[in-house]
Structures are given as structure tokens and as C-alpha cells.
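There are 2 protein chains.
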Amino acid sequence: MQPIDHPKSLMEVTAAKIRNAIISGELPLGSKLSEQRLADTLGVSRSPVRDALAALQSEGLVRVSPKRGSFVFTPELRDVDDLCEHRAVLETAALRMGITRNHAMLMQQMEHAVAAMHRALTGNDTTGYSTGDRQFHRAIIEGCGNRSLLRGYNHTISPVKALRTHLFTIMDEDTDRSMREHTAILEACRSGDADLAVTLLEEHIDHLTAAFRIKLSLEAETEAPE
Amino acid sequence: MQPIDHPKSLMEVTAAKIRNAIISGELPLGSKLSEQRLADTLGVSRSPVRDALAALQSEGLVRVSPKRGSFVFTPELRDVDDLCEHRAVLETAALRMGITRNHAMLMQQMEHAVAAMHRALTGNDTTGYSTGDRQFHRAIIEGCGNRSLLRGYNHTISPVKALRTHLFTIMDEDTDRSMREHTAILEACRSGDADLAVTLLEEHIDHLTAAFRIKLSLEAETEAPE
DNA sequence: AAGCACCATGTAACATGGTAGTTTGACATC
DNA sequence: GATGTCAAACTACCATGTTACATGGTGCTT
């Protein structure tokens, strides 16, 4: 017998449902989110939906316009740049901390992730590769041992996850290069070269940022052709 | 002409009131915050109070325990360390960005703040010095030009502000050293030496962290003497 | 006196009703 | 045909009612 952990509140599961729907692409960017409709479809009252939307707004996933309605976020080019830069700041800082003060655990988690990615790559398992990718970056951010930083990261990163699935169709990414980059970062960490690891990680994130930029400006063109 | 910003919702002003009460020390650390009582004293219904408390919880200022009540946060030693380290990460990153891409504006704001601090110091105006201090760090974080980072900072920093007023009685800080440090940072920025400026800023923040640690462990002793 | 169940009370979580701001589109007017 | 008007529908915001849970006290049992 062990103490039972409180069942998640209705608001939490509601937020998780909506968040997941946005990240997975089920809810398109910019789509309308009526409290009432969400409450009906999820089978709850408007209160937990409202609370959930407020939480998601503070995560940057939802924009709620007073008396008008709530909408899935629609990033400007600048927002994407800011977001990715912010992410890079947090993740590189976390990596530096992890290397200097939590090396063993960090290495174990990263190696585990890289192994999974390698397996997925040889098996042409793209979703498996994505899972490994997420695992890799989670290892970095969780390896820092700073709970405040971890909270801040999780509070910021959702839009990035959403952008990934919304802008990229499967197989759109250069997984070979991505694999090389992850491996290089792992090697730098193994040798304890924090500066190199951070530089490599920055470049890695920059590549994703650049891909976002291209995709987004491409979309803007097709939506508003002169 | 620019889009008009909506008048603040009741929830927002409620959150601001409570936040300010916590930061200013009016509400002691760990004190109970009943939704009903807050609603009565503020003259609003429970709904905006509840929303406000949820927002403040995500800022780390309030801990709401299901069915038990809401409480002003009570930091452990580790929380303080994590928080300050997180703050240092964000602020140093912002400073680096500001120096390289927004130098003129950054310098202007920082000089303004330092001048105010200098005036306050010669006039023995401690509250004025605090104001200048906040202005200085705001210049750094707003000088980065990254809205995501700015949001993340504001979302994280409230507990630090609260700790400052709760742990320090007026005149408790070494304002002379603080003044020297701020001036040194300003000089490093003026000369464009980002590495030096960041190092100085890190040390500056470390001093505050150390002061927090001492004060907190001191308090823990008096509260629970063996 | 110590341990126990039971009950009164306080709390946040959730449901629902009312209100005011916003949008939309039909329709009248020019 | 373009434009102004207005009403109806829709929205989030706020207020209040209801419920389930947590807690502290009281009196009974041992």
C-alpha cells in the first residue's frame, strides 16, 4: 500500500485533452474554440473548460479574445523566431548544468534516446524517430536538476511542439542530418566538452528554426497570393 | 493609430491586487488565502478570485491545495537556488542579446536606471534605490527584444520579488556594493564586452542568491530551534 | 486518560444562470 | 449596387448554487 496520488482534476484532463488536440494537429492553427462547444464535446461543464483555456493561453497555445472567443494560436514569423531562441536559451543552459553536475544520469538518458533514434532510422520508423528526438531533448532539460527551469521550459515549449506537427508533414525533415547532430552532441557531452556541446545544440535548434521559417513563409504565400 | 488594448478584466485586476499584496509583504509567506474571504474583501465574486489564484499558482506565488485552500508560497532552500539560477539564465541571455542587437536603447535605459540609483544612494533614499534596481534589471530583460523570453521572465520572477521584500528589512542590503556592481555592468555594456558584462551580472545575481540563502536558513532556525 | 467514530464546518471543484460586449447578416436607404 | 442600420445570435465574463473532500472538535468507548 502506498499513498494514492490525487486523481487529476477535471480541469487538468480537459487541458491535457485540448493541448494534445492542438499539438497533434487535430485542431488546426487559428481554429475557433468555443467554451460551450468544447464543454459539450468533452462532456463537462464550461468551468473546467474555461480554466483549461486560461492555462493553455498562458502556455501560448491559445489566444482568448474577450467576448469574441478562443482560438488556437497563429504564430507570426517573429513569434517563431522568439520562441525558438527562447527554447535554445533554456536548453543550452540546461545542457551546461547537466554536463557539469549530473553527468552520469544525463549520459544514460541521452544514450538511450540516441539508440532509439538509431533503431528507428534503420527501420524507417519516422514516428519512432520523433519519439526518440523528444526523448533526447527531454533528457537535456530534465538533466539540469533545476525544477524552476524545468517548469519554465514545459510552460514555453508547447507551441514549438505544435508547430512541428503543423508545419511538417511526415518525412519532411532531414532525419539523417538530425541523427548526425544528435550523435555529435552526445559525443561532446561524453567527452565533457560543454562549450562544444552547447554550440552543436545551438546549431541543431537553429536548423529547426530555419525550417520553421521556410515553411511558415511558404504557407503565408499560398494563403495570401498577390 | 494602434489597436486599442481592452480594459483589464476583473480577473486581471484581482490577480494584480493579490500579486502586489504578496510581493509587498502585506500577505505573509504561507498565509491562507480563502477564495471566499478574498472575494468579500475585494468586493467581487469568487469566479475572478479563483481565476486569479490559478494564474498566480502558475507564477509560483500561490500554492492551491485541492479542497483544502490556497496559500502564499513557502520556498525551500532548494527552490530559492533553482529560482535564482533560472533568473540568472534568462537575464544573462537577455543581456547578451541586448548588447549585440539593441545596444543604443539598452544603454539609454540602463544609464537612466543607474543615474536614479546614484541619486537615491546619495540621498539615502532606500526605496528609491530599490526602484532603480528594478528599473536596471527591467532594462536588461526588455532590451533583449524577444517577447517569448520576456514573457517567460515575467512569469518566473514574481517569487524573487516577493522573497526580496519578505527576507530583507530595509537597509539590510549592501547598497554600496550593489551600486558598484551595477555601475561595472553598465561600463562593460558600454564597451561592448558582452562576456565581461555577463560574468559581472552572474556574480551580481549570485550575491542576491547567497543573501537569500543566509536569510532563509536563519529564519528556519528561529522557527524550529532544536 | 487515550483512542475512536461521528458530526459540524470550511474549502475548492464544478455546474449553471445572467449579463454585456461583439459579430453577422438581412434589410432598408441612398 | 453600395452603404448604413439594426436585430438576432454568439461569445466570454461574472455571479451564485451545489457537491465532494479535508479538517477539527466532541462525546463515546475502552
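Those protein sequences? They're chains A and B, same order as listed.
Per the numbering used here, the very first residue in the first sequence carries number 1; after that it's consecutive.
Per the numbering used here, the very first residue in the second sequence carries number 227; after that it's consecutive.
Even glycine gets a Cβ: it sits at the ideal position worked out from N, Cα and C.
Examine the Cβ distances between the segment 396 to 405 of chain B and the segment 350 to 367 of chain B and report whether three or more of them are shorter than 8 Å. Verdict: yes, contact present.
DSSP three-state label for Val44 (chain A), please. The count along the first sequence starts at 1 and reaches residue 44 (chain A) at position 44. Note: Val44 (chain A) maps to coil in three-state DSSP.
For the segment 368 to 395 of chain B, enumerate the residues whose C-beta is nearer than 8 Å to any C-beta of chain A, in chain order. Asn372, Arg373, Ser374, Leu375, Arg377, Gly378, His381 and Thr382
To the nearest angstrom, how far is it from the Cα of Lys161 (chain A) to the Cα of Ala210 (chain A)? Stepping through the first sequence from its first residue, residue 161 (chain A) is reached at position 161. Stepping through the first sequence from its first residue, residue 210 (chain A) is reached at position 210. Spanning the two alpha carbons is a distance of roughly 15 Å.
Bridge partners of Gly371 (chain B), per DSSP? Translated into the one-based positions of the second sequence, residue 371 (chain B) becomes position 145. Beta-bridge pairing links Gly371 (chain B) to no other residue.
To the nearest whole angstrom, what separates the beta carbons of Leu61 (chain A) and Pro159 (chain A), a pair I think is in contact under 8 Å? Position 61 of the first sequence, counted from the start, is the residue given in the question as residue 61 (chain A). Position 159 of the first sequence, counted from the start, is the residue given in the question as residue 159 (chain A). Rounded, the Cβ-Cβ distance is 6 Å, consistent with contact.
Report the neighbours of Ala280 (chain B) on chain A: residues whose CB is nearer than 8 Å to its CB, in chain order. Walking along the second sequence from the start, residue 280 (chain B) turns up at place 54. The answer, in chain order, is Asp51, Ala54 and Ala55.
Let me see if you follow: with CB-CB separation under 8 Å, is Asp195 (chain A) close to chain B or not? Here residue 195 (chain A) refers to the residue found at position 195 when the first sequence is read from its first residue. Taking Cβ atoms only, chain B never reaches closer than 8 Å to Asp195 (chain A), which makes this a no.
When you compare each of B:Ser374, B:Gly378 and B:Pro292 to Leu149 (chain A) by their alpha carbons, which one comes out closest? By 1-based counting over the first sequence, the position of residue 149 (chain A) is 149. With distances taken between Cα atoms, Leu149 (chain A) lies closest to B:Gly378.
Where Val315 (chain B) meets chain A, residues with beta-carbon distance less than 8 Å: Working through the second sequence from its first residue, we reach residue 315 (chain B) at position 89. Close to Val315 (chain B), with beta-carbon spacing below 8 Å, are these residues of chain A in chain order: Val89, Leu90, Ala93 and Leu149.
Might you give, ordered along the chain, the residues of its own chain that have their beta carbon closer than 8 Å to the beta carbon of Ser284 (chain B), omitting 5 neighbours on each side? Start at 1 with the first residue of the second sequence, and residue 284 (chain B) comes out as number 58. Closer than 8 Å at Cβ, skipping near neighbours: His381.
Less than 8 Å between CB atoms is the rule here; does Leu312 (chain B) satisfy it with respect to chain A? To locate residue 312 (chain B), count along the second sequence from 1; it is residue 86. Residue identity differs from the one stated: residue 312 (chain B) is His in this sequence, not Leu. Answer yes: the Cβ-Cβ gap between His312 (chain B) and chain A drops below 8 Å somewhere.
I'd like to know if the segment 38 to 52 of chain A and the segment 1 to 12 of chain A are in contact, where contact means that at least 3 CB-CB pairs between them fall below 8 Å. yes
Tell me which residues of the segment 70 to 82 of chain A have at least one Cβ-Cβ distance to chain B shorter than 9 Å, keeping chain order. Arg78, Asp79, Asp81 and Asp82
What are the start and end residues of the beta strand (DSSP E) that includes Gly295 (chain B)? Within the second sequence, residue 295 (chain B) is the residue found at index 69, counting from 1. Gly295 (chain B) -> beta strand (DSSP E) spans Gly295 to Val298.
With burial defined as no fewer than 16 other Cβ atoms inside 10 Å of the residue's Cβ, what is the status of Ser31 (chain A): buried or exposed? Translated into positions along the first sequence, residue 31 (chain A) becomes position 31. It counts as exposed.
Helix, strand or coil: how does DSSP classify Ala437 (chain B) here? Numbered from 1 along the second sequence, position 211 holds the residue referred to as residue 437 (chain B). The answer is helix: DSSP assigns Ala437 (chain B) an H, G or I state.
Under a CB-based cut-off of 8 Å, is His232 (chain B) close to chain A? The residue labelled residue 232 (chain B) in the question sits at position 6 within the second sequence. Yes - at least one Cβ of chain A is within 8 Å of the one on His232 (chain B).
Drop a sphere of 10 angstroms on the beta-carbon of Asp308 (chain B), count the other beta-carbons inside from all chains shown, and report buried for 16 or more, exposed for fewer. Translated into the one-based positions of the second sequence, residue 308 (chain B) becomes position 82. Around the beta carbon of Asp308 (chain B), a 10 Å sphere encloses 16 or more other beta carbons of the protein chains shown; the residue is thus reported as buried.
On the DSSP letters alone, give me the boundaries of the beta strand (DSSP E) that Ser291 (chain B) sits inside. Translated into positions along the second sequence, residue 291 (chain B) becomes position 65. Residues Val288 to Ser291.
So, using beta-carbon positions, are Glu111 (chain A) and Leu196 (chain A) closer together than 8 Å? Numbered from 1 along the first sequence, position 111 holds the residue referred to as residue 111 (chain A). Numbered from 1 along the first sequence, position 196 holds the residue referred to as residue 196 (chain A). No.
Under 8 Å between C-beta atoms, does Thr425 (chain B) make it to chain A? Looking up residue 425 (chain B) in the second sequence gives position 199. So no, Thr425 (chain B) is outside the interface.
Residues of its chain near Thr357 (chain B), where Cβ-Cβ distance is below 8 Å and the 5 sequence neighbours each way are ignored: Reading the second sequence from its first residue, position 131 is the one you call residue 357 (chain B). Hits under 8 Å: Ala342 and Ala346.
Taking His85 (chain A) as the reference, give the member of A:Ile214, A:Gln135 and A:Leu201 with the closest Cα. As a position in the first sequence, residue 85 (chain A) is number 85, starting the count at 1. It is Glu, not His, that sits at residue 85 (chain A) in the sequence shown. Nearest of A:Ile214, A:Gln135 and A:Leu201 to Glu85 (chain A), Cα basis: A:Leu201.
Using a Cβ-Cβ cut-off of 6 Å (strictly less than) and excluding sequence neighbours within five positions of Ile99 (chain A), which residues of its own chain qualify? The residue you call residue 99 (chain A) lines up with position 99 of the first sequence. Within the same chain, Cβ atoms closer than 6 Å to the Cβ of Ile99 (chain A) are found at Cys189 and Ala194, the five residues on either side in sequence being excluded.
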